[in-house]
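For reference, the structure discussed in these notes is given below.
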Amino acid sequence: MHGQKGLSLVELMIAMVIGLFVSAGVLTIFIMSANNVTTTSHFNQLQENGRIALDFIERDLQMQGFMAEFTGEDFLLGVNTQINAPALTDEQDCIGSGLNNESFPNLMPAHFRLLWGYEQGVSDESLNCLTGVTTNTDVLQLKRLIGPNVTVFDDNRYYVGMSNNEAIFFAGDQSTPILDNARFWEYQHHVYFIKEDNGMPVLMRRILANGGMKTSSSVEQLVEGVENIRVLYGFDNDGDRSADSFMPAENVTSLMWDQGAVALRIFLLIRTLYEDKNFTNTTSYRLGDKEIAASNDGFRRKVMMKTLALENALIAD
């Protein structure tokens, strides 16, 4: 007679229990691995978006105030400057604080303001060309020539023809001014700000296009996930061309704007694009002189900062 072969009921139950423990362990490892992948992806996303956003601003700011032969000089209408471009109305332009802070120099007895900023909802002044700016975020305005000098002109842009002692502003669809020994440069007026797009914070930039700063081609979406920007302006108090103090825009006087900052300290608060349901953010963040309270949501965040020296000579008299 042959004996029966197989598992008893007790043995089968023990095997099932062991199998359940092994499956639970494998599932736990899988979940932990998936969470680690999500966390790593979020941190990489924060780093990359922050780096790109800072690169956009840094490239612009390092050349802020560059005006070729007129760098460090004033634009005086009727003396060394001529505006051939059609005049922009208040509704077309981006007009900031100060007597001479439009897209093009004017006849007011004040320096042409090449750098200016404010905090939305806090400062008394703001730019009329912006709508929907996120409250308690900074707005940064700058003007400069874009190199290298050009010989072909885009109808949608503005340019400056420049010799050693004369500058003529004109639109790309106009006749090229005649100047002895002149070079021609693209002229830009840029404004950086933060605005929400379908619930997503986005670093935006308005640019001066032919027809003003409210045309369809004058606004650019730069980087998603930039939730806040703080700008501190550095001023030279002892004439050594290095910043002795940094302050927010609301503390900068009109005279200080006209004299010009020598450095800027930029703080960005970067947010992941999507929430992690397994994470609650209870961290508060410091952006220079102000603190952002904990949001208690599922978005991870990171502060990125850079101090930039402004390379071009500024008007100080």
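Under the numbering used here, the first residue of the sequence shown is numbered 1, with each subsequent residue one higher.
Each residue gets a CB set at the ideal place from its N, CA and C atoms; glycine is no exception.
For residue j and residue i, believed in contact at Cβ under 8 Å, the rounded distance
i	j	result
VAL252	TYR233	6 Å
PHE267	VAL303	6 Å
PHE170	ASN84	4 Å
LEU310	TYR285	Going by Cβ atoms, the distance from LEU310 to TYR285 rounds to 26 Å, so no, they are not a contact pair.
LEU114	GLY65	5 Å
GLN88	SER103	Sequence inspection shows Leu at residue 88; the Gln mentioned does not correspond to that position. With 8 Å as the limit, LEU88 and SER103 qualify as a contact, their Cβ atoms being about 6 Å apart.
LEU77	LEU107	5 Å
THR280	GLY298	7 Å
GLY212	ASP93	6 Å
GLY172	ASP197	Not a contact, Cβ separation roughly 29 Å.
GLY72	ASN312	7 Å
Residues that residue i bridges to, as DSSP identifies them
i	result
ILE270	VAL226 and LYS302
THR307	ARG265
TRP116	GLN141
SER245	PHE235
THR131	Looking at the DSSP assignment, THR131 forms no beta bridge with any residue, so it has no partner.
ARG286	GLU291
MET256	According to DSSP, MET256 bridges with nothing at all.
PHE184	GLY161
PHE193	MET204
GLU220	ARG205
ILE168	GLN82 and GLY161
LEU77	THR81
GLY96	Bridge partners of GLY96: none, in fact.
ILE146	GLU186
GLY338	The requested residue 338 does not occur in the structure, where the chain is confined to residues 1 to 317.
Neighbourhood of residue i by C-beta distance below 7 Å, restricted to the same chain and skipping five residues each side
i	result
GLU58	LYS306 and LEU308
GLU250	GLU119, VAL122 and SER123
SER242	ASP236 and VAL262
PRO201	THR134, ILE194, GLY225, VAL226, GLU227 and ARG271
PRO177	ASN84, GLY161, ILE168 and PHE170
LEU179	GLY161, SER163, GLU166 and ILE168
ASN101	ILE95, ARG113 and TRP116
ALA294	ASN281, THR282, THR283 and SER284
Counted within 10 angstroms of its Cβ, other Cβ atoms place residue i as buried (16 or more) or exposed
i	result
LEU255	exposed
ILE14	exposed
LEU20	exposed
THR81	buried
LEU142	buried
LEU12	exposed
PRO248	buried
ILE321	With the chain covering only 1 through 317, there is no way to say anything about residue 321.
PHE70	buried
LYS214	buried
ASP317	Because the pLDDT at ASP317 is just 41, under 50, the model does not fix this residue reliably, and the value given afterwards should be weighed accordingly. It is exposed - the Cβ of ASP317 has fewer than 16 other Cβ atoms within 10 Å.
THR272	buried
ALA167	buried
PRO105	buried
VAL55	According to the sequence provided, residue 55 is Asp. The question's Val does not apply to it. Looking at its Cβ environment, which holds fewer than 16 other Cβ atoms inside 10 Å, ASP55 is exposed.
GLU91	exposed
ASN296	exposed
GLY199	exposed
ASN44	exposed
GLY25	exposed
LEU27	exposed
LEU130	buried
GLY260	buried
LEU9	exposed
Sequence-distant residues of the same chain with beta carbon closer than 6 Å to residue i, five excluded per side
i	result
GLY132	LYS195
VAL219	ARG206
ALA53	LEU203, VAL223, VAL226 and LEU268
ILE67	The residue you asked about is not Ile; residue 67 is Met in the sequence shown. The residues are LEU145.
ALA209	ASN156, THR215, SER217 and SER218
ARG265	LEU232, PHE246 and THR307
ARG300	HIS42 and THR272
GLU125	SER97 and TYR118
Sequence-distant residues of its chain with Cβ nearer than 8 Å to residue i (five each side left out)
i	result
ASN181	SER163 and ASN164
TRP257	SER97, GLY98, ARG113, LEU115 and TRP116
VAL150	TYR159, PHE184, TRP185 and GLU186
GLN174	ASN84 and ALA85
ASP238	ASP244
ARG51	MET304
Proximity test, Cβ basis, 8 Å: residue i and chain B
i	result
ASP60	Of the chains in the structure shown, none is chain B; there is only one protein chain.
Do the segment 189 to 202 and the segment 135 to 148 meet, that is, are 3 or more Cβ pairs less than 8 Å apart? yes
Cβ contact check for the segment 278 to 298 and the segment 148 to 168: 3 or more pairs under 8 Å: no
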